[in-house]
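All residue numbers for the sequence shown refer to full-length UniProt numbering, where the first residue is 1 and numbers rise by one.
Okay, so here's the structure we're looking at.
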Amino acid sequence: MKTKLSLKLLLGAAALSASLAVSAFDVEGKYNQACKACHLAGVAGAPKAFDAAAWKPRLALGMDALVASVKNGKGAMPPKGLCMDCTDEQYKALIEYMSKAK
């Protein structure tokens, strides 16, 4: 009984830790570090950050396709952009951040 309870507590703590890691992600800071250089001005065909119209046709492809484009590289953007340590969830957060009008 104690073993089952300990296991449940351990699994719950691990899930909470993973959830906090994603919610603690500083999307604005990572955007400034890894995305802003190209996406602020739309360098080399990159969709401009915070220009909802520029992102609309890309978002229509689906988030999985956009994340794959980041991970594999597209056009002038190298694989993983400039965020080598980002997870898929963090790429999604960055895409959502950049694709919304400010």
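For every residue, glycine included, the Cβ atom is placed at its ideal position computed from N, Cα and C.
Here the structure is a predicted model, which means the values were calculated and not measured.
**Item:** D88 to K48 span [Cα, whole Å]
**Value:** For the purposes of this step, residue 88 is taken as the residue at position 88 of the sequence shown. For the purposes of this step, residue 48 is taken as the residue at position 48 of the sequence shown. Roughly 21 Å separates the two Cα atoms.
**Rounded separation between G73 and L61 - CA only** = Sequence index remark: in the sequence shown, residue 73 carries index 73 (1-based). Sequence index remark: in the sequence shown, residue 61 carries index 61 (1-based). G73 and L61: Cα-Cα distance of roughly 16 Å.
**K80 in three-state terms, based on DSSP** = Walking along the sequence shown from the start, residue 80 turns up at place 80. K80 falls in the coil class under three-state DSSP.
**Asked** Under the three-state reduction of DSSP, which class applies to K56: helix, strand or coil?
**Response** What you label residue 56 is simply residue 56 of the sequence shown in a count that begins at 1. Three-state result, K56: helix.
**Asked** Considering Y91, what are the terminal residues of the alpha helix (DSSP H) in which it resides?
**Response** By 1-based counting over the sequence shown, the position of residue 91 is 91. Taken as a continuous stretch (DSSP letters only), the alpha helix (DSSP H) holding Y91 covers D88 to S99.
**Prompt:** If we ignore side chains and look at the alpha-carbon of each, how far apart do K56 and A44 end up?
**Reply:** Locating residue 56 in the sequence shown gives position 56, counting from the first residue. Locating residue 44 in the sequence shown gives position 44, counting from the first residue. In a straight line, the C-alpha of K56 is about 18 Å away from that of A44.
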